[in-house]
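Chains A and B, in that order, are what the protein sequence lines are. Under the numbering used here, the first residue of the first sequence is numbered 1, with each subsequent residue one higher. Under the numbering used here, the first residue of the second sequence is numbered 1001, with each subsequent residue one higher. All C-beta atoms, glycine included, are put in the ideal place defined by N, C-alpha and C.
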Amino acid sequence: MLNEWLYLGIFLIIALAIPAAALLIAGMLSPKKPNPIKDSTYECGMETVGVSWVQFKVQYYIYGLIFLVFDVEIVLLYPWAVAYNKVALFGVIELILFVAILASGLLYAWRKGALEWV
Amino acid sequence: MNFIYDPVPWVINWLTQLLLSWGLSENFVTTLLYLIGAVLICLGAMLFTTMLIWAERKIGGRFQDRLGPNRVGPWGIFQSIADMLKIFTKEYINPVGIDKIPFNLAPVLAVAAVLAVWAVIPFSQTVFGSNINVGILYIIAIGGLGEMAIILAGFGSNNKYALLGAFRAVAQLISYEVPMVIVLLIPVMFSGSMGLNEIVQAQTIPFIVYAPVACIIFFICSIAENGRAPFDLLEADSELVAGYNIEYSGLKFGMFFVADFLHAFTSAIVFTTIFLGGWQGPGVEQIPVLGGAYMLIKTLLVYFLMLAIRFTVPRFRIDQMMALNWKILTPLALVTVVVTALVDKAIPHEMTVIRIGALLVVNLIIWLLADRMITIYRKRNPVQVVTGKLRPLARPEFLSVAEKETAQ
């Protein structure tokens, strides 16, 4: 089993190394002629107005929060799914209760208007 | 083992014997073979992307009633190679004020996140990268790495449009992960393991028959995760110029492009493995290499379906996309999981036909109920038609008779 994870570790390193190597090769093959006009930031052809790092809308934070809740819920449900064939009907009742609690959370967020895109 | 019937394990075996006979230790030989395997799969996947880009452009052209590229070789097959050569020699423009490390790391991470999925996929009964027992969780986690590449790209370019594009992109991607992860519970339930090899081996009848609603939800979420049309708001070429890609040039942009197309094919492969039975098919016990052939055929069918959807359906708005995910797909996924768990537990496993029939009926009921609820909701809140025939016209004599009736 440990061998499998070794393969994954090697694969991740190779998967990072091959695009990096390709980028370096292309960096060697390509011309390098920077000038101030070419290097200026793109804003539809005009001069830039204001700071580039604009304010983060709070709606994105709310989506992230709901995603976090559901992701943790599902990650906690995966062991249940692996053991599904061996549990009796009681396990399914537990699933229903767990999912009902979290689905009521989603319903609450829905009714409170947290899922609207503003 | 025969070379014709099972080429890859034969080669691995021969190479192992050769290296051991040179006197190297067992662990070193294993590591060396893993290294060679990883390099071959990564290079093969990246070179295969040129074929995918060619196929997409030709098929897209045919959908749009034109030929695709057909000048550069017979049927234009060398077009992608010509494009790659061009992109290798373009200059890297580093705009003023960027953060060097996120800016340069983002394309590498985007491709790495897609390539890393290829490590766990079983290509046939004997050919697979690694058989970890948490394959599905690994695939979802690596998908999260791709999203990080987008935020790095948007933040590192010193550009408000890139940053806004990156925010929207990541909002879309994390939203569509939720139904995907929920629905992946169903194959895990049926096969009793999270490992992809076990899931494929449990599919004497493909899981698309057992759980069609789950399959459809997973397919829609895969397309949305990829950022393809109809969900391609992230790089809507006519709206955001190129989203988080604005300040990239040369091969860095090429890497994002490769990551996009390779992600589509990887989604197709993952879908085939989990829902369509992977390498299962008639005759794979005796001739394992047929498993690879079946896998390729099924994956190409799913990929063609993705292309067909891309070139047929118009783009969603961002609020429609978010509403679709949180208000329709997530509740549907939760209901599907709960109902499938109930029905599958109620019917003993021996009566296969009754089990499949009951599951299909239940899935159909869920689908029809969801459709009914959406219809009722749409009837109660109809979409306002803003302009109609009652607009003032500059030259009313050019209207046809019927339009003149409605305009009066």
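Next item on the list: State the DSSP-derived secondary structure class of B/S1238, mapped to helix, strand or coil.
Entry: Summary for B/S1238: the model assigns pLDDT 47, below 50, so the residue's position carries little reliability, and this model does not support an answer.
Next item on the list: Determine the direct distance from the alpha carbon of A/A26 to that of B/K1086, and round the result to whole angstroms.
Entry: Between B/K1086 and A/A26, the alpha-carbon positions lie close to 10 angstroms from each other.
Checklist line | Neighbourhood of B/S1175 by C-beta, 7 angstroms cutoff - its chain only, sequence neighbours within 5 removed | finding: M1322, N1325 and W1326
Next item on the list: Throw me the rounded Cβ distance for the B/P1179 and B/A1333 pair, which I believe falls under 8 angstroms.
Entry: 4 angstroms
Check: Just reading off the alpha helix (DSSP H) that A/Q59 is part of, what are its end residues?
Finding: V58 to V82
Next item on the list: Give the DSSP-derived three-state secondary structure of B/P1122 in the structure shown.
Entry: strand
Note to self: Between B/A1214 and chain A, is the shortest Cβ-Cβ distance under 8 angstroms, so that the two count as touching?
What the structure shows: no
Note to self: Quick check on DSSP: helix, strand or coil for B/F1316?
What the structure shows: coil
Item checked: With 16 other Cβ atoms within 10 Å as the buried cut-off, status of A/V54 -> exposed
Check: B/F1003 bridges to which residues according to DSSP?
Finding: DSSP, once it has assigned bridges, lists no residue as partnering B/F1003.
Check: What is the rounded straight-line gap between the Cα of B/S1238 and the Cα of B/P1331?
Finding: Because the pLDDT of B/S1238 is 47, which lies under 50, any placement of that residue in the model is unreliable, and the number read from its coordinates should be weighed accordingly. One C-alpha to the other measures close to 33 angstroms.
Item checked: Anticipated Cβ contact below 8 angstroms, B/T1336 with B/I1366, distance rounded -> The pair is a contact, with the Cβ atoms about 6 angstroms apart (cut-off 8 angstroms).
Next item on the list: Go ahead and label B/L1040 buried or exposed: buried means 16 or more other beta carbons lie within 10 angstroms of its beta carbon, across all protein chains shown.
Entry: Exposed is the call here.
Next item on the list: Would you list, in chain order, the members of the region 1107-1130 of chain B that have their beta-carbon closer than 9 angstroms to a beta-carbon of chain A?
Entry: P1107, V1108, L1109, A1110, V1111, A1112, A1113, V1114, L1115, A1116, W1118, A1119, V1120, G1129 and S1130
Next item on the list: Run through the region 1170-1225 of chain B for me and flag every whole alpha helix (DSSP H) of 4 or more residues, listed as ranges in chain order.
Entry: 1185-1191, 1196-1201 and 1207-1210
Notebook entry, point to check: What separation, rounded to the nearest whole angstrom, lies between the Cα atoms of A/D167 and B/L1163?
Noted result: No statement about residue 167 of chain A is possible, as the shown extent of chain A runs from 1 to 118 and does not include it.
Next item on the list: Report the neighbours of A/Y60 on chain B: residues whose CB is nearer than 9 angstroms to its CB, in chain order.
Entry: F1167, R1168, V1170 and A1171
Check: Counting along the chain, where does the alpha helix (DSSP H) carrying A/T41 start and finish?
Finding: Taken as a continuous stretch (DSSP letters only), A/T41 belongs to no alpha helix (DSSP H), as it is neither H nor E.
Note to self: Using only the alpha-carbon positions, how far apart do B/L1251 and B/R1057 sit?
What the structure shows: 20 angstroms
Checklist line | Buried versus exposed call for B/N1381 [16 or more other C-beta atoms within 10 Å across all chains shown] | finding: That one is exposed.
Check: If you draw a straight line from the alpha carbon of B/M1373 to that of A/I66, how long is it in whole angstroms?
Finding: A direct Cα-to-Cα measurement between B/M1373 and A/I66 gives close to 24 angstroms.
Next item on the list: Would you mind telling me which residues of chain B sit closer than 8 angstroms to A/E4, beta carbon to beta carbon, in chain order?
Entry: S1130, N1131 and I1132
Check: If we cut at 8 angstroms on Cβ distances, does B/S1222 have a partner in chain A?
Finding: no
Checklist line | Rounded C-alpha distance that separates B/V1339 from A/Y78 | finding: 17 angstroms
Item checked: Cβ shell of B/T1299 (< 6 angstroms), same chain only, five flanking positions each side left out -> A1268, I1269 and T1272
Check: Quick one: does B/K1252 have its CB under 8 angstroms from some CB of chain A?
Finding: yes
Notebook entry, point to check: Mind checking if B/S1238 is an interface residue toward chain A, Cβ cutoff 8 angstroms exclusive?
Noted result: The predicted model places B/S1238 with a pLDDT of 47, which falls under 50 and marks its position as unreliable; any figure quoted below should be read in that light. It does not: the Cβ of B/S1238 has no partner Cβ on chain A nearer than 8 angstroms.
Margin query: Looking at the secondary structure, which residues open and close the alpha helix (DSSP H) in which B/D1344 lies?
Written below: T1330 to A1346 is the extent of the alpha helix (DSSP H) around B/D1344.
Item checked: Secondary structure of B/F1128, DSSP reduced to three states -> strand
Margin query: Does the contact criterion of 3 or more C-beta pairs under 8 angstroms hold for the region 1226-1233 of chain B versus the region 1132-1141 of chain B?
Written below: Touching, no.
Notebook entry, point to check: What's the gap between the Cα of B/V1029 and the Cα of B/L1019?
Noted result: 7 angstroms
Next item on the list: Return the residue from the list B/T1050, B/W1014, B/F1316 and B/G1129 that minimises the CA-CA distance to B/Y1034.
Entry: B/G1129
Notebook entry, point to check: Beta-carbon separation of B/I1151 and B/V1181 under 8 angstroms?
Noted result: no
Notebook entry, point to check: Is it buried or exposed for B/Y1138, if we count other Cβ within 10 angstroms and need 16 for buried?
Noted result: buried
Next item on the list: Check whether the Cβ atoms of B/E1091 and A/Y42 sit closer than 8 angstroms, and answer yes or no.
Entry: no
Item checked: Backbone CA spacing between B/F1316 and B/V1188 [nearest angstrom] -> 31 angstroms
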